[in-house]
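K.L.:
Sharing a structure with you now.
Protein chains in written order, with my numbering: chain A, 20 to 358; chain B, 20 to 358.
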């Protein structure tokens, strides 16, 4: 039996416990052993919950910790404490990965454990693992992704005729958008995710603050009508191009022939171009309790398979990128076109 | 320097040599070492080519062999010889995997090496690795795939107005279809691939011969017109359902809302449904020299990372499935609908 702890028992954290419980048989098959949630840490006064991180990191039974708290603190301090003791950490926290991922990855390597964060980008879509393992030998010239389910839900509804305000309102009523939707609709969430993807494939650390970021708040019903007349749709994309390098977050016109055209509602889609494999696209639920939790559990399994060894997550040695430019927008056009 | 050998220097085999040469820097980065093609084996009298498998398997320098010959013999005998000496084998040969994959995987395990075959399904799409590693803890209820690029090219052209015969002729002229296209258009190639996928996710060995197999030769332009009027397209799918279990190869009506609808030309798309992660879809070039060779190279890299250890490919212990049924077709309908 392998003991794990969950830090932060919100939506994703409780999902991790649920996936481990419901899929125990499948986990046992791939791991040859079962997973057991020994501790849950939360600031709320929940039954059976611990509030002192030291109880967890000082317990030699604990091999892996799931950090599903979000935000920088105390997630950074807790992750640091665990890794220093050789406990692997699996995170869904894109903000922390963007800000401290390089440092935390180096600490993991030094202490022969791992820092993995599949769930921080694309929810349930296994994109980081694929880039790292299946495509590590490819020269990746471009990554273009629909990375925010909230925006994609709103845009899908605008395509069907709604205006921005009522599409946002519906997303909020259904629980897909926060009451304060700025991080989503202004593109900052997408920027954090494309920064992580760009860092992984380029070997340089891209930071969220370096990225030109346009949201979806200025898109009108007329824009959609015009796009549709030209056989296109409008999608909020994060786009990395090796040439430059450039990274950009903005609404793009996506032609019908591109598989991202058909990625609708809360789904995410990530397209990559490798020099040998050509185009690949990965599609799945980019958010939501169980899909995201499933990605955390996939990381836990990989950490357990590699106990005592560091899994190279391609983040430990990244130097900051010198400069990032946004690609030019064609003069007089409101949107760029995804080629 | 890690020495490898390539068995069969046709389209894919020569592609493997090209990928290793062109992407040597990237390979070195992920492997910490370079790959070197020490031997090429072919029946043709090519310069620098060896014709005796014993030269290769008796050379202690050789750590990994790429089997890109196709067909059962001599691929089976050569693979057997290599694995028995602890040399890992990476194969693109779906026919061999379908017929002898279970036996060969057990031999690999016994001799602490690996038998991997990512390139045998979906060309450059990293689907086997994803099912094995990212989704090993999921209960997979369905796999539905567009698995044959030739058929998809023909069907894409029929959708655009061509009849079957002229679409086939064009595919042959462009080199996408064989002069004898039976294995593709009658669905046998798709059946071999869905048999491998079904085996991987179910834990039972499905054999190609057990699978109900309908091809695309009876599809008419009228069928496409009617499908389009109903907001659907017609795709040749291999479909596995855990319930039953059932496996089926046949043309299906695919609604616009399904991401497989937009998988066109020679591309492949594979959709899976897991109980936690929900729907995932993977898209890429299902055939072609370099994409397929890139998948072989990804396997080589994984074998080299695990020298002296067996990578569990989920095939070694599979018992034959007792019976496979095809799902019922609705009475009076020419096609099933992909839900």
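Even glycine gets a Cβ: it sits at the ideal position worked out from N, Cα and C.
All values reported here derive from a predicted model rather than from experimental measurement.
Would you say residue 278 (chain B) faces chain A, with C-beta separation under 8 angstroms as the test?
P.N.:
It does: the Cβ of residue 278 (chain B) has a partner Cβ on chain A nearer than 8 angstroms.
K.L.:
With residue 241 (chain A) as the anchor, note down where its alpha helix (DSSP H) starts and where it stops.
P.N.:
Segment 240-248, the alpha helix (DSSP H) holding residue 241 (chain A).
K.L.:
Out of curiosity, what's the CA-to-CA distance linking residue 278 (chain A) and residue 20 (chain A)?
P.N.:
Rounded to whole angstroms, residue 278 (chain A) to residue 20 (chain A) spans 42 angstroms at the Cα level.
K.L.:
Using DSSP with H/G/I as helix, E/B as strand and the rest coil, what is residue 286 (chain B)?
P.N.:
DSSP places residue 286 (chain B) in strand when its eight states are reduced to three.
K.L.:
Is the distance from the Cβ of residue 126 (chain B) to the Cβ of residue 99 (chain B) below 8 angstroms?
P.N.:
Contact flag set, yes.
K.L.:
Assuming residue 163 (chain B) and residue 258 (chain B) make a contact with CB atoms under 8 angstroms, what is their CB distance in whole Å?
P.N.:
Confirmed, Cβ separation roughly 5 angstroms.
K.L.:
Here's the rule: buried if 16 or more other CB atoms are within 10 angstroms of the residue's CB, otherwise exposed. What is residue 156 (chain B)?
P.N.:
Classification for residue 156 (chain B): buried.
K.L.:
Using a beta-carbon distance cut-off of less than 8 angstroms, what residues from the region 295-307 of chain B approach chain A?
P.N.:
Those residues of the region 295-307 of chain B that come within reach of chain A (Cβ to Cβ, closer than 8 angstroms) are 295, 296, 297, 298, 299, 300, 301, 302, 303, 304, 307.
K.L.:
Taking the beta strand (DSSP E) that residue 21 (chain B) belongs to, which residues open and close that run?
P.N.:
Note, residue 21 (chain B): beta strand (DSSP E), 21-26.
K.L.:
So residue 168 (chain B) packs on residue 306 (chain B), CB below 8 angstroms; how close in whole Å?
P.N.:
So it is a contact: roughly 4 angstroms between Cβ atoms.
K.L.:
Which whole-angstrom value is the C-beta distance of residue 301 (chain A) and residue 175 (chain A), which I expect to be below 8 angstroms?
P.N.:
About 19 angstroms separates the two Cβ atoms, so there is no contact after all.
K.L.:
Assuming residue 267 (chain B) is part of the alpha helix (DSSP H), what are its boundary residues?
P.N.:
Element bounds for residue 267 (chain B): not the alpha helix (DSSP H) but the beta strand (DSSP E), 265-274.
K.L.:
Going by the DSSP bridge assignment, what does residue 161 (chain B) pair with across the sheet?
P.N.:
DSSP lists B:260, B:292 as partners of residue 161 (chain B).
K.L.:
For residue 149 (chain A), which residues in chain B fall below 9 angstroms Cβ to Cβ?
P.N.:
Per Cβ cutoff of 9 angstroms: 145, 148, 149, 153, 301.
K.L.:
Taking the DSSP output, what are the residues bridged to residue 255 (chain A)?
P.N.:
DSSP output for residue 255 (chain A) lists A:270 as bridge partner(s).
K.L.:
For residue 238 (chain B) and residue 225 (chain B), I'd like the C-alpha separation in whole angstroms.
P.N.:
Answer to the nearest angstrom: the Cα atoms are 27 angstroms apart.
K.L.:
Identify every residue that forms a DSSP beta bridge with residue 223 (chain B).
P.N.:
Answer by DSSP bridge pairing, in chain order: B:338.
K.L.:
Suppose only complete runs of 4+ residues qualify. What are the alpha helix (DSSP H) ranges in the region 305-331 of chain A, listed by chain order?
P.N.:
Correct list: 308-324.
K.L.:
Can you tell me the Cα-Cα spacing of residue 256 (chain A) and residue 355 (chain A), whole angstroms?
P.N.:
Using only the alpha carbons, I get a separation of about 10 angstroms.
K.L.:
List the residues of chain B that residue 45 (chain A) touches, going by C-beta distances under 8 angstroms, in chain order.
P.N.:
Under the 8 angstroms cutoff, chain B gives 155, 156, 157, 158.
K.L.:
Let me know the secondary structure DSSP gives residue 88 (chain B) once reduced to three states.
P.N.:
Note: residue 88 (chain B) maps to coil in three-state DSSP.
K.L.:
Under 8 angstroms Cβ-Cβ, which residues of chain B neighbour residue 313 (chain A)?
P.N.:
Those are 156, 157, 293, 295, 296, listed as they occur along chain B.
K.L.:
Along chain A, which residues have their Cβ under 7 angstroms away from the Cβ of residue 281 (chain B)?
P.N.:
Under the 7 angstroms cutoff, chain A gives 278, 280, 281.
K.L.:
Give the residues of chain A in contact with residue 49 (chain B), contact being defined as C-beta atoms less than 7 angstroms apart.
P.N.:
Those within 7 angstroms of residue 49 (chain B) in chain A are 155, 156.
K.L.:
I'd like to know whether the C-beta of residue 316 (chain B) is nearer than 8 angstroms to at least one C-beta of chain A.
P.N.:
Chain A, which has a Cβ nearer than 8 angstroms to the Cβ of residue 316 (chain B), makes this yes.
K.L.:
Would you mind sorting residue 115 (chain B) into buried or exposed? The rule is 16 or more other CB atoms within 10 Å of its CB.
P.N.:
With 16 or more other Cβ atoms within 10 Å, it is buried.
K.L.:
Using a C-beta cutoff of 8 angstroms, does residue 332 (chain B) count as contacting chain A?
P.N.:
For residue 332 (chain B), the answer is no, since every Cβ of chain A falls outside 8 angstroms of its Cβ.
K.L.:
Roughly how many angstroms separate the alpha carbons of residue 325 (chain A) and residue 134 (chain A), rounded to a whole number?
P.N.:
Distance between the alpha carbons of residue 325 (chain A) and residue 134 (chain A): 12 angstroms.
K.L.:
Quick check: what's the CA-CA separation for residue 303 (chain A) versus residue 254 (chain A)?
P.N.:
Each residue's Cα considered, the two are about 16 angstroms apart.
K.L.:
What is the DSSP secondary structure of residue 131 (chain A), counted as helix, strand or coil?
P.N.:
If DSSP states are grouped into helix, strand and coil, residue 131 (chain A) belongs with coil.
K.L.:
With a threshold of 16 other CB atoms inside 10 Å of the CB of residue 276 (chain B), please say whether the residue is buried or exposed.
P.N.:
Exposed.
K.L.:
Would you mind sorting residue 222 (chain A) into buried or exposed? The rule is 16 or more other CB atoms within 10 Å of its CB.
P.N.:
Flag for residue 222 (chain A) reads exposed.
K.L.:
Closer than 7 angstroms by beta-carbon distance: list the chain B residues that pair up with residue 258 (chain A), in chain order.
P.N.:
Simply none; closest approach about 18 angstroms.
K.L.:
Where in the region 40-67 of chain A do unbroken runs of the beta strand (DSSP E), each at least 3 residues long, occur, reported from the N-terminal end onward?
P.N.:
List check, beta strand (DSSP E) in window: 54-60.
K.L.:
Which class does residue 70 (chain B) belong to by DSSP, given the choice of helix, strand or coil?
P.N.:
Residue 70 (chain B): coil per DSSP, three-state reduction.
K.L.:
With DSSP as the reference, label residue 107 (chain B) as helix, strand or coil.
P.N.:
Three-state result, residue 107 (chain B): strand.
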